[in-house]
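Novice: If you read the sequence shown in this note's numbering, its first letter stands for residue 495, the second for the next number, and so on. In this text, a Cβ means the ideal position worked out from N, Cα and C, and glycines have one as well. Since the structure is predicted, the reported quantities are computational estimates derived from the model, not experimental observations.
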Amino acid sequence: LYMNNMRRLSFFFIIIFLCNFFSTGCSFASPAPVEMHPKWFPKDQYAITIFGIIYLPEKFYKEYKAEHKSLKVRSILVHENVHAERQIEQLFIPWTINYLVDKKFRWQEESIACRAELLYIKANGATVKREDFIKEVTAARYGGMVNEKDAGEFFDSIK
């Protein structure tokens with residue numbers, strides 16, 4: 495199941511890369527542009543950043559387009575903008591290959607983005623439940639990048 499999703503994502507990355515390469519001339523703004531997930535994209539439940547563009551599920555994209563955005567949507571954008579910046583800094587193709595095949599690299603990248611997101615949430619007077627965070631980052635869609643113990647220790651280190 496994990497490899498099927500990785501194959502779909504790899505195909506999706508290649509299509510998006512080619513479309514963006516020819517349509518934008520490789521110029522990206524900061525913060526990253528935001529689009530809605532294509533309808534054929536698997537698991538329309540989470541955000542993903544590809545080639546410096548953030549793709550949101552329909553429910554979040556509609557809110558993103560609205561005048562007032564929830565803390566949830568704003569924090570997702572903080573998280574995904576970290577990925578966008580790092581993809582551009584490290585070059586998209588090598589970053590993506592490492593992210594897809596190397597659990598340690600994936601956790602490194604997610605921990606950087608999660609740190610920014612959690613600090614943003616805290617700075618806005620809200621909290622995230624430790625258990626919810628651990629459940630999220632240890633989910634099967636991340637391919638076992640981190641265990642519950644390490645995820646909990648990471649969460650506890652955010653001040």
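Give a yes or no on whether the C-beta atoms belonging to Ala610 and His573 are separated by under 9 Å.
Specialist: yes
Novice: May I ask you to list the residues that DSSP assigns as paired with Ile542?
Specialist: Tyr549
Novice: Tell me which same chain residues have a C-beta within less than 8 Å of the C-beta of Ala620, skipping the five on either side of it?
Specialist: Taking C-beta separations shorter than 8 Å and ignoring five residues to either side along the sequence, the partners of Ala620 in its chain run Leu565, following chain order.
Novice: Please report how far the alpha carbon of Lys559 lies from the alpha carbon of Lys553, in whole angstroms.
Specialist: 10 Å
Novice: Select from Thr632, Ala526 and Leu585 the residue whose C-alpha is nearest the C-alpha of Leu571.
Specialist: Closest by alpha carbon: Ala526.
Novice: Report the three-state DSSP secondary structure of Glu561 (helix, strand or coil).
Specialist: coil
Novice: Output needed for Met639: all residues of its chain with C-beta closer than 6 Å, excluding positions within five of it in sequence on either side, in chain order.
Specialist: Lys597, Arg600 and Trp601
Novice: Nearest to Tyr555 by CA position, among Val576, Glu529, Ala633 and Asp644, is which residue?
Specialist: Glu529
Novice: Is Ile548 near Asn575, with beta carbons less than 9 Å apart?
Specialist: yes
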